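Enquirer: Numbered per this note's numbering, the sequence shown finishes at 167, counting up by one with no gaps.
Quick reminder that beta carbons are idealized off the backbone N, C-alpha and C, glycines included.
Predicted model, so just to flag it, every value in this text is computed and none were measured.
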Amino acid sequence: LFKKYKTPCDFAKADIDELKTAINSINYYNTKANNIKKLAEMIVRQYNGKVPDTMEELIKFSGVARKTANVVLSQGFGKTEGIVVDTHVKRLAGRLGISKSNTPEKIEQDLMKVVPYEKWVSFPFSLILHGRAVCKAKRPLCDICFLYSLCSYGGKQCLIS
Numbered sequence: 007l008f009k010k011y012k013t014p015c016d017f018a019k020a021d022i023d024e025l026k027t028a029i030n031s032i033n034y035y036n037t038k039a040n041n042i043k044k045l046a047e048m049i050v051r052q053y054n055g056k057v058p059d060t061m062e063e064l065i066k067f068s069g070v071a072r073k074t075a076n077v078v079l080s081q082g083f084g085k086t087e088g089i090v091v092d093t094h095v096k097r098l099a100g101r102l103g104i105s106k107s108n109t110p111e112k113i114e115q116d117l118m119k120v121v122p123y124e125k126w127v128s129f130p131f132s133l134i135l136h137g138r139a140v141c142k143a144k145r146p147l148c149d150i151c152f153l154y155s156l157c158s159y160g161g162k163q164c165l166i167s
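1) Who are the near neighbours of Ala39 in its chain, counting only those whose CB is closer than 7 angstroms to its CB and skipping five residues on each side?
2) Got a sec, what are the start and stop residues for the alpha helix (DSSP H) Val121 sits in?
3) Just mark Pro130 as buried or exposed, buried being the case when its beta carbon has 16 or more other beta carbons within 10 Å.
4) Leu64 and Val70 look like a contact to me (Cβ under 8 angstroms); what is the Cβ gap, rounded to whole Å?
5) Whole-angstrom Cβ separation of His94 and Ile150, contact assumed at under 8 angstroms?
6) Do Lys73 and Val91 come within 7 angstroms of each other at the CB atom, strictly closer than that value?
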């Protein structure tokens with residue numbers, strides 16, 4: 007994707023159907039392609055083609071919430087302002103008793119209270135990997151989970167495979 011579209015200007019000029027085809031392997035690719043194009047157009051018009059590097063500016067964009075803004079800030083600018091909360095992080099934070107909330111913003115705040123600042127970028131990616139491989143939403147592999155003893159979910163479900 008980034009071999010063809012190197013700058014916000016490239017994305018803004020992109021043919022929407024070509025962009026959809028380029029990302030059709032991800033969920034909601036139609037919506038995401040439209041958001042990417044609109045976002046790129048706004049970045050070109052309002053920011054001279056430079057991606058904003060603050061949370062405040064990033065979350066003003068349609069389709070950009072704290073999760074996306076945290077990824078952009080950490081991966082694009084080396085800035086750590088928060089913790090990425092996706093569906094896996096949300097599920098594990100709940101199962102491990104770190105947060106009882108259902109909202110990503112509150113879960114992020116709860117995580118920020120217990121995760122050391124220097125781990126704010128790496129910690130959620132560890133949870134994401136664990137959530138994809140072991141602690142799945144349906145049929146988690148509790149019998150091989152090293153966090154089993156800390157988990158409110160483990161042992162409360164029938165583990166018949």
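Expert: Inspection of the coordinates gives the following:
1) Ile22, Leu25, Lys26, Ile29
2) First-last for Val121: undefined, no H or E at that position.
3) buried
4) 5 angstroms
5) The pair is not a contact, with the Cβ atoms about 17 angstroms apart (cut-off 8 angstroms).
6) yes
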